[in-house]
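Only one structure is covered here, and it is reproduced in the block below.
2 protein chains.
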Amino acid sequence: MDLYDAMSTLRAVRRLRPDPIDEEVMERVLTAATWAPTGGNTQPWRIVAVTDPAKKQALQDLYSPHWDAYIPGYEARLEHMPEDAKTSSIKAMEAGNYLASHMHEVPIIAVFCFNPKLMAITDAELNRPSVVGGGSVYPAVQNLLLACRNEGLGCVLTTLLCYEEESVKALLNLPEDWYTCAHVPIGYPVLGGHGSIRRRDMKQMVRFNEW
Amino acid sequence: MDLYDAMSTLRAVRRLRPDPIDEEVMERVLTAATWAPTGGNTQPWRIVAVTDPAKKQALQDLYSPHWDAYIPGYEARLEHMPEDAKTSSIKAMEAGNYLASHMHEVPIIAVFCFNPKLMAITDAELNRPSVVGGGSVYPAVQNLLLACRNEGLGCVLTTLLCYEEESVKALLNLPEDWYTCAHVPIGYPVLGGHGSIRRRDMKQMVRFNEW
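As structure tokens, then:
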């Protein structure tokens, strides 16, 4: 696919079919992740690709209660939304409900792991939440999502399972120094899959020379 | 460009020419950033695109001492590297030196800002560095880098200026709740620009079902 076509039609696709994904397709998607830049080229991330049914079920069991807890706040925010945003957010919520009860049957869940000891986290000492470590993992996640788009695979970046990191680490046998930062269910879409997206206009997102 | 071609040839390009960039080209690059996914689609980031010569010089003046401080550790790591990695790392260091003294003349420095109050940071309470906030900004940074690649523009993701966040906020007049997470100098390449990259093989980066 053309780069801009892929980017501008990459949606969060949460209704995924259980159908298997060819090995060569998954290899292309996973290889695309490795191409991403990382600080000092240390590539301080790994993927544990979960395909085992029992482990997928375990991830769903850990995920669902957090999704359920997320819903009331989500519904509260709907109240204040303009009509078009509201419609699309309700659809997203329903798709999220679907994912929360079907995660066990998606063919693959890519769990991104990272090791902070391999990162230079330049905002670690600032008096606000640190994000810079994410600069060496989420570009790889975005490459993976775009590659899924390219291959006709649905996918969505989730982070709710970080609330259950200890359990996920035990489930996947992660070393002590490695943690989790993204959980991407991947599969062929149940419905239309990728397509038009709703984003703010560029002119709302960019200023020149000062705020 | 084809998606995989763009991704697999996206390099950190640190030698950038002062030549101007057409407005329509920059609009495409900045628009590509807006297409990225963010948690809850809140798009909790903005870009301040710095083109003003005095402000670019000020950013360089803040950046250079941190680059200089970074060099000794970088050189120490070279000692333990295999020969091919060493050669490429020395080149990167020299290019970094170039950037540190020419940042003031690049046509544009994209300063990515974010507001943590608009983010659900699911790893905020864990006993390790938080990265999840980065999940709502660095996919946009990666889109911007890939779009630069597509347009023949050199670029590199830097985060050293986070050490000087207070000064950068004052320089760009950022609101209190907004912080900085990436500084991307953009310009046409002095030398070959993008091309082959050195990354670990996919099989080293991915495991199945357990570590």
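Line by line, the protein sequences give chains A and B.
Using this note's numbering, you'd call the opening residue of the first sequence number 1 and step up by one each time.
Using this note's numbering, you'd call the opening residue of the second sequence number 1001 and step up by one each time.
We put the CB at the ideal spot given by N, CA and C, even for glycine.
| Item | Value |
| --- | --- |
| Chain-ordered neighbours of Leu1157 of chain B on chain A, where CB pairs are closer than 7 angstroms | Pro37 and Gly135 |
| Run of the beta strand (DSSP E) containing Gly1187 of chain B, from where it starts to where it stops | Tyr1179 to Gly1187 |
| Limits of the unbroken alpha helix (DSSP H) element including Trp67 of chain A | Pro53 to Leu78 |
| Residue(s) in a DSSP beta bridge with Gly1154 of chain B | B:Gly1187 |
| Arg1028 of chain B in three-state terms, based on DSSP | helix |
| Ala110 of chain A, enclosing beta strand (DSSP E) - first and last residue | Ile108 to Phe114 |
| Candidates A:Asp2, A:Ile90 and A:Val13, of which the one nearest Val156 of chain A by Cα | A:Val13 |
| Under 8 angstroms between C-beta atoms of Ala6 of chain A and Leu171 of chain A | no |
| Outcome for Pro37 of chain A when other beta-carbon atoms lying within 10 angstroms are tallied against a minimum of 16 | buried |
| Secondary structure of Leu10 of chain A, DSSP reduced to three states | coil |
| Selection from B:Glu1210, B:Leu1144, B:Gly1134 and B:Pro1189 that minimises the alpha carbon distance to Thr1180 of chain B | B:Gly1134 |
| Partners in chain A for Arg1198 of chain B, counting only beta-carbon separations shorter than 9 angstroms | Asn41 |
| Pairwise C-alpha distance: Pro72 of chain A and Leu191 of chain A | 26 angstroms |
| Exposure label - Lys91 of chain A; buried when at least 16 CB within 10 Å | exposed |
| Helix, strand or coil at Ala1100 of chain B according to DSSP, with G and I counted as helix | helix |
| Contact set between Tyr98 of chain A and chain B, taken where Cβ atoms lie within less than 7 angstroms | Simply none; closest approach about 17 angstroms. |
| Neighbouring residues, chain A, relative to Val1141 of chain B (Cβ below 9 angstroms) | Gly135, Tyr138, Pro139 and Gln142 |
| Where Glu1165 of chain B meets chain E, residues with beta-carbon distance less than 8 angstroms | Included in the structure are the protein chains A and B, with no chain E among them. |
| Helix, strand or coil at Ala1124 of chain B according to DSSP, with G and I counted as helix | coil |
| Cβ neighbours of Lys1055 of chain B in the same chain (closer than 7 angstroms, five flanking residues each side left out) | Leu1171 |
| CB contact below 8 angstroms: Cys1181 of chain B versus chain A | yes |
| Nearest neighbour of Glu164 of chain A, chosen from A:Asp61, A:Lys203, A:Leu10 and A:Arg199 [CA to CA] | A:Asp61 |
| Ile1186 of chain B vs Ala1110 of chain B beta-carbon contact at 8 angstroms | yes |
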